[in-house]
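In terms of the working numbering, the sequence shown has 218 at position 135, counting the first letter as 1, and numbering is strictly consecutive.
Data first, discussion second: the structure below is written as structure tokens.
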Amino acid sequence: MKITRVTVQVTSEPKQHAIRDAIQLLDRNGRCDVTVETDAGISGTSSTYFGRVASSPALLGALVTEQLGPAIIGQDATMIRHIRDLLRTLTDYQGTAGLSTFGISAIDQALWDLLGKSLGVPVWKLLGAQRDAIPTYAMVGWLELDVPQLQDVCARAMEQGFQGVKMKVGGGPLAEDLERIGAVRAVIGDGVPLMVDANQAFDLAEAIRRGRAYTDLGCRWFEEPLRAADTAAHIRLAEKLDIPIATGENRYGQEQFRDLFVGGGVGVVQPDLRRAGGLTDCYEIGLMAAGFGIPYASHGGGAHIHVLAALPNTIYVESGLLPPDGSVTLTDGCYPLPTEPGLSSWSAH
Numbered sequence: 084m085k086i087t088r089v090t091v092q093v094t095s096e097p098k099q100h101a102i103r104d105a106i107q108l109l110d111r112n113g114r115c116d117v118t119v120e121t122d123a124g125i126s127g128t129s130s131t132y133f134g135r136v137a138s139s140p141a142l143l144g145a146l147v148t149e150q151l152g153p154a155i156i157g158q159d160a161t162m163i164r165h166i167r168d169l170l171r172t173l174t175d176y177q178g179t180a181g182l183s184t185f186g187i188s189a190i191d192q193a194l195w196d197l198l199g200k201s202l203g204v205p206v207w208k209l210l211g212a213q214r215d216a217i218p219t220y221a222m223v224g225w226l227e228l229d230v231p232q233l234q235d236v237c238a239r240a241m242e243q244g245f246q247g248v249k250m251k252v253g254g255g256p257l258a259e260d261l262e263r264i265g266a267v268r269a270v271i272g273d274g275v276p277l278m279v280d281a282n283q284a285f286d287l288a289e290a291i292r293r294g295r296a297y298t299d300l301g302c303r304w305f306e307e308p309l310r311a312a313d314t315a316a317h318i319r320l321a322e323k324l325d326i327p328i329a330t331g332e333n334r335y336g337q338e339q340f341r342d343l344f345v346g347g348g349v350g351v352v353q354p355d356l357r358r359a360g361g362l363t364d365c366y367e368i369g370l371m372a373a374g375f376g377i378p379y380a381s382h383g384g385g386a387h388i389h390v391l392a393a394l395p396n397t398i399y400v401e402s403g404l405l406p407p408d409g410s411v412t413l414t415d416g417c418y419p420l421p422t423e424p425g426l427s428s429w430s431a432h
């Protein structure tokens, strides 16, 4: 199958309910959909989400339309890793990490969708499945919520059958974090995993101080305590704390994970499809993590479910609350895998 055309559609609109973490307000729903077509009449599509900045989907769309897409016309659509490397070479001069990787990821995902559709199977079967359902937790504890609202949304997550919940921290003083964590624990019970996420808000000294407090409260992991690129600080923090350090969503490509693994700076690795480089790189990062005995929990859901199904070290898929229309239901706290060919329209957001 030769690639004949790459097309893009973009949307960007305000969220009805803006959400906040320790460093940013996520106030938009932006999306860039990329479709790769072939001479066999089969196409594949990916969707890249943006929670901030109205212009971002259009910028990515222009990058794909004007640079990345034309470079892969005539390529064999089944040669996914070859196309990935071709696009990395193309973007090296301008800097592959950043928006270029978003574009490579979008094409990578569209190619996996295309390959699955061409063979009539979901992508997780092509990757070699390890399991047929994925344990899931609910990321629902955003900082714009007051304590009663926080308790309400966490209670709803428990009613929907999630195995645990995650909440944001670091938006105020430690005392505020402790109050909010205690309020959530009162709702979900003592035996339910509770994760905390600081979104890179702290320096090393403050991360040590807060990490010890979160450990005393029995939190399952401490997510993104430090600036993502500071590998040395992650290693030092992991040496100081007993709670696992979870990170990875803001790292680009496999090279940025390797030194973190070697140094022991991560206890739970969390690649993001858009920044890590797509399904291909997330799968390879997951296998590398497995070699170091590091568990893998996705940042976000959606197409990531296919990678999670195939990795030996998967522990969780991240999700918001389930849709009210009942289109997705959990069984024993797990998401079922999609059955449609390709990536399917299934989403864990």
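Each residue gets a CB set at the ideal place from its N, CA and C atoms; glycine is no exception.
Taking the Cβ atom as the reference point for each residue, do residue i and residue j lie within a distance shorter than 7 Å?
{"i": "Cys417", "j": "Ala137", "result": "no"}
{"i": "Ala392", "j": "Leu356", "result": "no"}
{"i": "Arg358", "j": "Tyr379", "result": "no"}
{"i": "Met241", "j": "Glu401", "result": "no"}
{"i": "Gly186", "j": "Leu151", "result": "yes"}
{"i": "Leu370", "j": "Val206", "result": "no"}
{"i": "Arg167", "j": "Asp196", "result": "no"}
{"i": "Val270", "j": "Cys302", "result": "no"}
{"i": "Cys115", "j": "Pro97", "result": "no"}
{"i": "Ala189", "j": "Val117", "result": "yes"}
{"i": "Asp260", "j": "Val248", "result": "no"}
{"i": "Leu287", "j": "Ala315", "result": "no"}
{"i": "Leu226", "j": "Gly127", "result": "no"}
{"i": "Gly360", "j": "Thr184", "result": "yes"}
{"i": "Glu332", "j": "His382", "result": "yes"}
Is DSSP giving residue i helix, strand or coil here?
{"i": "His432", "result": "Confidence at His432 is low in this model, with a pLDDT of 36, below 50, so the placement of that residue should be treated as unreliable; the coordinate-derived value is given next. Three-state result, His432: coil."}
{"i": "Gly403", "result": "coil"}
{"i": "Val349", "result": "coil"}
{"i": "Arg111", "result": "strand"}
{"i": "Gln243", "result": "coil"}
{"i": "Tyr297", "result": "helix"}
{"i": "Pro205", "result": "strand"}
{"i": "Tyr366", "result": "helix"}
{"i": "Arg135", "result": "coil"}
{"i": "Thr422", "result": "coil"}
{"i": "Gln339", "result": "helix"}
{"i": "Cys302", "result": "coil"}
Excluding the 5 residues preceding and the 5 following residue i in the sequence, name in chain order all residues of the same chain whose CB lies nearer than 6 Å to its CB.
{"i": "Pro308", "result": "Ala281, Phe285 and Ala290"}
{"i": "Ala154", "result": "Leu173"}
{"i": "Met84", "result": "Thr121, Ala123 and Ala160"}
{"i": "Val147", "result": "Val91, Val117 and Gly186"}
{"i": "Ile264", "result": "Leu300"}
{"i": "Val236", "result": "Val223"}
How close, in whole Å, do the beta carbons of residue i and residue j come, if the pair is a contact with beta carbons under 8 Å?
{"i": "Val267", "j": "Gln243", "result": "Val267 to Gln243, Cβ: 16 Å. No contact."}
{"i": "Pro354", "j": "Ile377", "result": "Incorrect: roughly 11 Å between the Cβ atoms, too far for contact."}
{"i": "Leu343", "j": "Ala373", "result": "Their Cβ separation, rounded to whole angstroms, is 15 Å, which puts Leu343 and Ala373 out of contact at 8 Å."}
{"i": "Tyr399", "j": "Pro218", "result": "5 Å"}
Please tell me whether residue i has its Cβ less than 7 Å away from any Cβ of chain C.
{"i": "Tyr366", "result": "Reference to chain C is not applicable here, since this structure consists of a single protein chain."}
With a CB to CB cut of under 7 Å and the five nearest residues on each side skipped, what residues in its chain are close to residue i?
{"i": "Asp364", "result": "Gly336 and Gln337"}
{"i": "Ala238", "result": "Val270"}
{"i": "Thr414", "result": "Ala216"}
Give every residue of the same chain whose Cβ lies closer than 8 Å to the Cβ of residue i, excluding the five residues on either side of it in the sequence, and list them in chain order.
{"i": "Glu120", "result": "Ile86, Thr87, Arg88, Val89, Thr90 and Ser126"}
{"i": "Arg111", "result": "Ser95, Glu96, Pro97, Lys98, Phe133, Gly134, Arg135, Val136 and Ala137"}
{"i": "Gly211", "result": "Ala393"}
Task: Inter-stretch contact (C-beta, 8 Å, three-pair minimum) for the stretch 335 to 347 and the stretch 309 to 321 - done: yes
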